[in-house]
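Novice: Note that our numbering numbers the sequence shown so that position 213 is 553, with each residue one more than the last.
We put the CB at the ideal spot given by N, CA and C, even for glycine.
Everything numeric in this text was worked out from a predicted model, so none of it was measured.
Following this message is one structure expressed as C-alpha cells.
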Amino acid sequence: MSAVPVSVIVVSRDRPQHLRRCVKGLMQLLHPNFEIIVVADQRGCEEMAAGGIAKYIKLIPFDEANIAAARNAGLEVAAGSVVAFIDDDAIPEPTWLDHLVGPIASRQAVAAGGYVRGRNGISFQWRARDVRPNGWSEELLLDSDDPICVEGSAQQGIKTEGTNMAFDRDLLCKLGGFDPAFQFYLDETDLNMRLAGLEMTTAIVPRAQVHHGFAASDKRREDRAPTTLFPIGRSLKIYLRKHLPETKHGPVIDAEVKAQRRRLIEHMIAGRIEPKDVSVLMATMVQGLLEGETANIVPLAPIPPSKEPFLKFEKDVIDAGHMALVGRWYSWSRVKAAARMAREEGYRVTVFRYSLTALFHHVRFQEDGIWLQCGGLFGRSDRSDPVFRLWTKKSRTAHEMSRLAGIRDKFP
Numbered sequence: 341m342s343a344v345p346v347s348v349i350v351v352s353r354d355r356p357q358h359l360r361r362c363v364k365g366l367m368q369l370l371h372p373n374f375e376i377i378v379v380a381d382q383r384g385c386e387e388m389a390a391g392g393i394a395k396y397i398k399l400i401p402f403d404e405a406n407i408a409a410a411r412n413a414g415l416e417v418a419a420g421s422v423v424a425f426i427d428d429d430a431i432p433e434p435t436w437l438d439h440l441v442g443p444i445a446s447r448q449a450v451a452a453g454g455y456v457r458g459r460n461g462i463s464f465q466w467r468a469r470d471v472r473p474n475g476w477s478e479e480l481l482l483d484s485d486d487p488i489c490v491e492g493s494a495q496q497g498i499k500t501e502g503t504n505m506a507f508d509r510d511l512l513c514k515l516g517g518f519d520p521a522f523q524f525y526l527d528e529t530d531l532n533m534r535l536a537g538l539e540m541t542t543a544i545v546p547r548a549q550v551h552h553g554f555a556a557s558d559k560r561r562e563d564r565a566p567t568t569l570f571p572i573g574r575s576l577k578i579y580l581r582k583h584l585p586e587t588k589h590g591p592v593i594d595a596e597v598k599a600q601r602r603r604l605i606e607h608m609i610a611g612r613i614e615p616k617d618v619s620v621l622m623a624t625m626v627q628g629l630l631e632g633e634t635a636n637i638v639p640l641a642p643i644p645p646s647k648e649p650f651l652k653f654e655k656d657v658i659d660a661g662h663m664a665l666v667g668r669w670y671s672w673s674r675v676k677a678a679a680r681m682a683r684e685e686g687y688r689v690t691v692f693r694y695s696l697t698a699l700f701h702h703v704r705f706q707e708d709g710i711w712l713q714c715g716g717l718f719g720r721s722d723r724s725d726p727v728f729r730l731w732t733k734k735s736r737t738a739h740e741m742s743r744l745a746g747i748r749d750k751f752p
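Quick look at the structure:
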C-alpha cells in the first residue's frame, strides 16, 4: 500500500534562520510521500532561495501578521490528502510524520496531535490536553505511547498544538480552514472546538514528536518575556464570543487577567522585565480585550481544492538509516568529522558528547543536520532519571538509544 500524500505547512515571519533549520529537519523525515509548503515573509522567502531550498518546496510569499490567514494560504495550495503543521522554530523527529498521520490515513480520526519537547530537547513542553468552550485546557494522562482516538463534544475537544498537528484536508477545507479573526493565539484551539462540536474524532499520538524552541518574535523575547499581551486579550475575547455564552465571559476573563499578571510578576522576579513593565503590558491585554469585543466575526467560506499538483519532496541522497556516535573532549574533532561524513552519506546522525560530570543533558538539532546530545555521563536526561547514577559510556548510550527507539528511528 502506498503512503498517504501529506502536505507539511510551515508559516514563518521574521525568523529566516529558524525557518532554514526547520526545513532541514523536515528533509530528514522518513515518510516517503510528502511535500513541503513554506508560507513566509520576504526575508523567509529570500532565505529559502539563498539556501537552494526553494526548488524542493512550494514557497508562498505572505507578509501579513496573521497566522490563521497564513495557514489558510498554505492550505489553498496543499495537494496532499492530509495536511500537517509545524512552527518555524520547531524541529521534527524523523518519524514524526509517519506517526502523526497514521490515524488519519487509516480513517480512525480526522485530526491528530503529537507531543512537543521543550528547549532542552528532552523534557516535554506539551503532551495530551483537552480544550473547553472557555478556552481552558487540562492535561490528559495516558497510560501508553500508543495512539488514542477521542470523539469530541460541544463541551470538550482535544487540543492539538499548533506546532504539531494534522488534519484531513478535505474536511478542513470544507470547514473553511482557520478563522483569520484570530491573528495570533487560539486559532487552532478554535478549530479544535469546531471539530468537537461536530463530534469529530481526534487522535492523540504520543510518538509524533517535535522539538519546540520558543524563538523570539514581535510578541516575545528570546527569554520568553512578552513584549505585548494585546494578541492574547484580543483572541481570548473572540474565542469566548464564538464558544461561550456572554454571561460566562466575565469570570473567564478575570481568571486569565490574573494568570497573565502572575506570569509577568514571575518574569519581574527573575529580572527579565522591570516593575513598571507589568502595568504597561497588562494595559495591552485590556486593549486587546476591547478590540476583541468589536472584532468582526464572519462565517468561513470553504476552501476549494488545490489547483497545483503535489510536489513530492525528493531527497538528494537515499536515507541510509540512523547512526549514533559517542565523543569525549579528547576525541571530539574526530567524532565531529565522522558525523559530518556520515550525514553526507545519507545517515541520520545522533552524537552523544559526555563529560565526566553529573550535568543535566540537553539535545539540539544543529545547522549541519546532526542531532547533538550533551551532558554529564552521570547526569540525568529525562526528569524521571536519578540526579546522579554511575554509568559506563556503553550502558549510558544504550539507555539513551532506548529512549529514542521508535522516535528518531523506526522500531526494528
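#1: Applying the criterion that 16 or more other CB atoms from any shown protein chain within 10 Å of the CB defines a buried residue, is lysine 499 buried or exposed?
#2: Restricting to Cα atoms, I'd like to know which of Arg447, Ala452, Leu359 is closest to isoleucine 431.
#3: Kindly indicate which residue of Asn532, Gly454, Asn504, Asn460 has the alpha-carbon position closest to the one of glycine 475.
#4: Applying the criterion that 16 or more other CB atoms from any shown protein chain within 10 Å of the CB defines a buried residue, is alanine 410 buried or exposed?
#5: Just list the residues that DSSP pairs tyrosine 687 with in beta bridges.
#6: Using the beta-carbon count (16 or more within 10 Å), is glutamate 648 buried or exposed?
#7: Would you tell me roughly how many angstroms separate the C-alpha atoms of aspartate 722 and tryptophan 466, rounded to the nearest one?
#8: Are the CB atoms of histidine 629 and leucine 576 nearer to each other than 8 Å?
#9: Is the number of C-beta pairs between the segment 609-621 and the segment 661-668 that are closer than 8 Å three or more?
#10: Assign proline 356 to buried or exposed, taking buried as 16 or more other Cβ atoms, counted over all protein chains shown, within 10 Å of its Cβ.
#11: In the DSSP assignment, what residue or residues form a beta bridge with lysine 398?
#12: Can you give me the Cβ contacts of glutamate 740 inside the same chain, cut-off strictly under 7 Å, excluding the 5 residues immediately before and after it?
#13: For tyrosine 455, which residues does DSSP report across the bridge?
#14: Ignore the nearest five residues each way along the sequence and tell me which others in glycine 537's own chain have a CB closer than 6 Å to its CB.
#15: With leucine 756 and lysine 398 assumed to form a contact (beta carbons below 8 Å), what rounded beta-carbon distance in angstroms separates them?
#16: Just to check my reading of the structure: threonine 529 and valine 471 have Cβ atoms closer than 8 Å, yes? What is that Cβ distance to the nearest angstrom?
#17: May I ask you to report which of helix, strand or coil DSSP gives alanine 567?
#18: In the DSSP assignment, find the alpha helix (DSSP H) that holds glutamine 465 and state where it starts and stops.
#19: Just list the residues that DSSP pairs phenylalanine 425 with in beta bridges.
#20: Would you call arginine 361 buried or exposed, if buried means 16 or more other Cβ atoms sit within 10 Å of its Cβ?
#21: Let me confirm a value: glutamate 539 is counted as buried when at least 16 other C-beta atoms fall within 10 Å, else exposed. Which label applies?
#22: Measuring only from the beta carbon, is glutamine 627 closer than 7 Å to any heavy atom that is part of the ligand COA?
#23: With a 10 Å radius around its C-beta and 16 neighbouring C-beta atoms as the bar for buried, classify methionine 625 as buried or exposed.
#24: Does the segment 477-489 come within contact of the segment 369-378, defined as at least 3 CB pairs closer than 8 Å?
#25: Between which residues of its own chain and threonine 503 is the CB-CB distance below 7 Å, once the five residues before and five after are set aside?
Specialist: On the basis of the coordinates in this document:
#1: buried
#2: Leu359
#3: Asn532
#4: buried
#5: Gly661
#6: exposed
#7: 15 Å
#8: Position check: residue 629 holds leucine in this sequence, whereas histidine was assumed. Yes, these two residues count as a Cβ contact at 8 Å.
#9: no
#10: buried
#11: Ile377
#12: Phe692, Gln713, Ser721
#13: Gln549
#14: Ala494
#15: As shown, the chain starts at 341 and ends at 752. That puts residue 756 outside it, with no answer to give.
#16: 5 Å
#17: The question names alanine, but residue 567 is threonine in the sequence shown. Here threonine 567 sits in coil by DSSP.
#18: No alpha helix (DSSP H) contains glutamine 465, which is instead part of the beta strand (DSSP E) from 464-466.
#19: Ile349, Met505
#20: buried
#21: exposed
#22: No copy of the ligand COA occurs in the structure displayed, which carries no ligand at all.
#23: buried
#24: no
#25: Ile426, Asp427, Ala430, Val456, Val550, His552
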